[in-house]
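Visitor:
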Amino acid sequence: MTLIAFDHPGLLYASREEYVDGTAGFVRAAAGAGDPVLVAVPGPNLELLRGALADLGDAVTFADMAVEGRNPGRIIPGVLLAFAAEHSGSRVSIVGEPIWAGRTEVEYPACAAHEAMINAVFAGRDAAILCPYDVAALDHDRVRDAWHTHPVMIVDGARRSSPWYADPLHTAERFNQPLPAVPSAAATIAYGRPADLSRVRRFVAANADAAGLSPARADDLIVAVNELAENTIAHTAGSGVVSAWPETGRLICQIDDRGAFADPLAGRIPPPGHIEGGRGLILAHQLCDLVRINARADGTSIRLHMAAY
Amino acid sequence: MTDAGSIERLLPGDHACVVVGDDHARLRSLTTFIRAGLREHHRILYFGPGADAIEAELGTAAAAALGSGQLRMGTPETTYLASGAFDPRATVEGWRVESAIARDAGYHGLRAIGDMSWASRPVPGAELLAGYEAQVNRVFADGYAMAMCLYDRRLFSEAELQRVCWAHPATVEDGTDPRGVPQLRAVRTGDPVGIRLEGEADLTNRHALRAVMENLAADMPVTEEPLVVDVSGLRFIDAAAARILTGAAAADATRIRVVGCTPAMRRLLVFNGASAITGLTVEPAA
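Going down the list, the sequences are from chains D and S.
So the mapping is simple: the working numbering equals the position in the first sequence, first residue as 1, plus 5.
So the mapping is simple: the working numbering equals the position in the second sequence, first residue as 1, plus 362.
Below, the structure is given as structure tokens:
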């Protein structure tokens, strides 16, 4: 009998030894069972595990979470589901570390919401995703949130059911927080009709140029903003506003409209190949460094971060 | 006010939705388009009301052109609506035939002008108009014929106008920047066999692009070579347009070479599954 179940434990570690013991044990057990294994952890930890697991060779795929998961919103579609799709038919095992001490205050709510959504997206899938948390470096409230986003926690090598784990979408909603205010000096442009889209694109291009974005980054940001503005026009009754302003080393664009964001998992699950639409938000997640969303009953704000290089 | 410069930028291959808000703008758009056709030695066919007023505005040039057959004017009711219903397939076929006749007669192009006011009345088949406007692009994409479809803002709802505009590669209305006209130009090429896309492909012209790309193989001479989609003149492409390009290659056995891609376009095509389509190759700009 094969047990089909999704396993999503959080691993609390306080030292390199605990980290390697906990993750390598998980990887070796999965590889031994013949599962495809992905290790997606940030830079320094990636080097540590590459060394510790070198003897497993091609049985393990490695990815730098600080790059692939720089935007936490693309981890589910671009890393986790992509790996599962490459190995459809097999149980997949993944070490995924999306939260580390360097995650900023503005990034963190998107990271925690991502951890909660994993439970909803992978429910019923044959997969295991182990999420390490560095208790020595992370703030206590971030470790506490891990108990809310993981049904099982591994503490001192022992699995414990989390008493705080609850409906994942309800948990994700806790991180649907208002965005910091748009600076009063931000440039803005209103749009409402399809014919406005080319003006919106020129607006983004001009602001990207002024903020010193490389041509490739500017082009990707224009694509992302255009998709979100098209969503406003196609899916809401009203108009929207794009705001743009530079921060150190990057340009921020925010799209505000009066649409209600109906599906909390929108942008996380790629639609089947034959469906033409429904990829705008996934694309924004894929192209941008951070996508923060605040969904309210009377409107939606989506903020995009794009580094200059 | 619609800028006459926008109308003058239209070339064979273009299919413009011109939205006017008053009789003066309507007449000015019509005469601008017709005068350009007279200069370019195009056959010009006008189907709509008010031929007398157009003739009077054009002056002596009109009389000569009407006499020679370069300019013909009629009403939809006596031509493609003569049966009392709108038949999109027959109408598309009619443009193909007129195109061939004008070519045989030595004209350098065919200018079709339709005043679409009839579609605001309960004509059977009028509900098929947006689909027709998309399919008819396949005729103009041969680069010989071109069309201007006049829509009177006073007769159609905003939603109706939006539906028909999306089926046109280009829309001209109050406030349209002439420099952006036409927003998209899609003209099939013989050497190499394929199509050349220019401008910006987005929500405003998605249905037009889809109709042309979905039928590209059917509308081209049979060839052993992959069809070449030259996108070097495209300034922008949205995700759905990228999907239309990859979809054209994924459908049936059509092999497609997309050439002249910017890095951003290439990323977009890959995001839309280009790597997994065996019949599709994507090549960067030279």
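Idealized CB from N, CA, C, for every residue including glycine.
With H, G and I counted as helix, E and B as strand and the rest as coil, what does DSSP make of Met6/D?
Guide: In this prediction, Met6/D has a pLDDT of 42, which is less than 50 and means its spatial position is unreliable; what the coordinates show is noted afterwards. In this structure, Met6/D counts as coil in the three-state DSSP scheme.
Visitor: From the DSSP output, in three-state form, read off Leu517/S for me.
Guide: DSSP places Leu517/S in coil when its eight states are reduced to three.
Visitor: Just how far apart, CA to CA, sit Ile134/D and Ala521/S?
Guide: Straight-line Cα distance between these residues: approximately 47 Å.
Visitor: State buried or exposed for Ile463/S, treating a residue as buried only when at least 16 other CB atoms are found within 10 Å of its CB.
Guide: Ile463/S is exposed by the Cβ-count criterion.
Visitor: Is the segment 464-481 of chain S close to the segment 497-512 of chain S, with three or more CB pairs under 8 Å?
Guide: Flag = yes, the segment 464-481 of chain S and the segment 497-512 of chain S touch.
Visitor: Name the chain S residues that come within less than 7 Å of Arg79/D, Cβ to Cβ?
Guide: Chain S residues near Arg79/D: none, gap ~11 Å exceeds 7 Å.
Visitor: When you compare the CB of Ala521/S with every CB in chain D, is at least one pair closer than 8 Å?
Guide: So, not an interface residue.
Visitor: Of all the options Ser445/S, Ser391/S, Thr441/S, which has the alpha carbon lying nearest to the alpha carbon of Leu420/S?
Guide: When only C-alpha atoms are compared, the closest one is Ser391/S.
Visitor: Taking the beta strand (DSSP E) that Cys116/D belongs to, which residues open and close that run?
Guide: From DSSP, Cys116/D is part of no beta strand (DSSP E) but of the alpha helix (DSSP H) over 113-127.
Visitor: In its own chain, which residues sit with a C-beta less than 7 Å from the C-beta of Ala699/S, not counting the 5 before and 5 after it?
Guide: Look at the range of chain S in this structure, 363 to 648, and you will see that residue 699/S is not part of it.
Visitor: To the nearest angstrom, report how far apart Phe448/S and His119/D are at their CA atoms.
Guide: When rounded, the distance between both Cα atoms is 53 Å.
Visitor: Using a Cβ-Cβ cut-off of 7 Å (strictly less than) and excluding sequence neighbours within five positions of Thr154/D, which residues of its own chain qualify?
Guide: Only Ala117, Glu120, Ala121, Thr176 meet the Cβ criterion.
Visitor: Take Thr393/S and list the residues in its own chain whose beta-carbon comes closer than 8 Å to its own, dropping the five residues that flank it on each side.
Guide: Excluding sequence neighbours, Thr393/S sits near Ile416, Glu419, Leu420.
Visitor: Quick one: grab the DSSP three-state call for Thr608/S.
Guide: Thr608/S: helix per DSSP, three-state reduction.
Visitor: Counting beta carbon pairs with one atom in the segment 213-232 of chain D and one in the segment 618-632 of chain S, are three or more of them shorter than 8 Å?
Guide: Flag = yes, the segment 618-632 of chain S and the segment 213-232 of chain D touch.
Visitor: Measuring straight from C-alpha to C-alpha, what distance separates Met6/D and Val126/D?
Guide: In this prediction, Met6/D has a pLDDT of 42, which is less than 50 and means its spatial position is unreliable; what the coordinates show is noted afterwards. So the two alpha carbons sit approximately 24 Å from each other.
Visitor: Would you say Arg75/D lies against chain S (beta-carbon separation less than 8 Å)?
Guide: False, the Cβ-Cβ gap to chain S never drops below 8 Å.
Visitor: Report yes if the CB atom of Ala529/S is closer than 8 Å to the CB atom of Leu546/S, and no otherwise.
Guide: Against a cut-off of 8 Å, the Cβ pair of Leu546/S and Ala529/S comes out as no contact.
Visitor: Report the three-state DSSP secondary structure of Phe598/S (helix, strand or coil).
Guide: If DSSP states are grouped into helix, strand and coil, Phe598/S belongs with the strands.
Visitor: Could you tell me which residues DSSP puts in a beta bridge with Ile104/D?
Guide: Ile104/D pairs with nothing; no bridge assigned.
Visitor: Check whether the segment 576-596 of chain S touches the segment 204-221 of chain D, taking contact to mean three or more Cβ pairs, one atom from each stretch, closer than 8 Å.
Guide: Not touching, per the Cβ criterion.
Visitor: What residues in the segment 553-569 of chain S bring their beta carbon closer than 7 Å to a beta carbon of chain D?
Guide: Answer in chain order: Glu562, Asp564, Leu565, Thr566.
Visitor: On the DSSP bridge assignment, give the partners of Phe395/S in chain order.
Guide: DSSP output for Phe395/S lists no bridge partner at all.
Visitor: Given a threshold of 16 other Cβ atoms within 10 Å of its Cβ, counted over all protein chains shown, does Ser306/D qualify as buried or as exposed?
Guide: Buried: at least 16 other Cβ atoms inside 10 Å.
Visitor: Helix, strand or coil, according to DSSP, for Ser445/S in the structure here?
Guide: Three-state DSSP puts Ser445/S in coil, outside helix and strand.
Visitor: Which of the residues in the segment 221-234 of chain D, read from start to end, lie with their CB under 8 Å from any CB of chain S?
Guide: Cβ contacts with chain S come from Ala221, Asp224, Asp225, Ile227, Val228, Asn231, Glu232.
Visitor: If we call anything under 8 Å between Cβ atoms a contact, is Leu523/S one with Arg516/S?
Guide: Contact flag unset, no.
Visitor: Look up Thr193/D in the DSSP assignment and give the residues it is bridged to.
Guide: Bridge partners of Thr193/D: Ser248/D.
Visitor: Pull up the distance between the alpha-carbon of Ile396/S and that of Glu402/S, whole angstroms please.
Guide: Distance between the alpha carbons of Ile396/S and Glu402/S is about 10 Å.
Visitor: Could you please give me the residues that DSSP links to His310/D through a beta bridge?
Guide: Note: His310/D sits in a beta bridge opposite Ile257/D, Leu295/D.
Visitor: Which runs of the beta strand (DSSP E), 3 residues or longer, sit entirely within the segment 465-518 of chain S?
Guide: Runs found: 471-477, 507-514.
Visitor: Looking at chain S, which residues of the segment 178-207 of chain D have a Cβ within less than 7 Å of any of its Cβ atoms?
Guide: So the list reads Pro199, Ala200, Leu202, Ser203, Arg206, given in the order they occur along the chain.
Visitor: Per DSSP, Cys527/S forms a beta bridge with which residues?
Guide: Partner(s): none; Cys527/S has no beta bridge.
Visitor: Extract the residue ranges of the alpha helix (DSSP H) inside the segment 205-248 of chain D, only unbroken runs of 4 or more that lie entirely within it.
Guide: Correct list: 220-240.
Visitor: Looking at the unbroken alpha helix (DSSP H) that takes in Arg149/D, where does it start and where does it end?
Guide: Taken as a continuous stretch (DSSP letters only), the alpha helix (DSSP H) holding Arg149/D covers 145-154.
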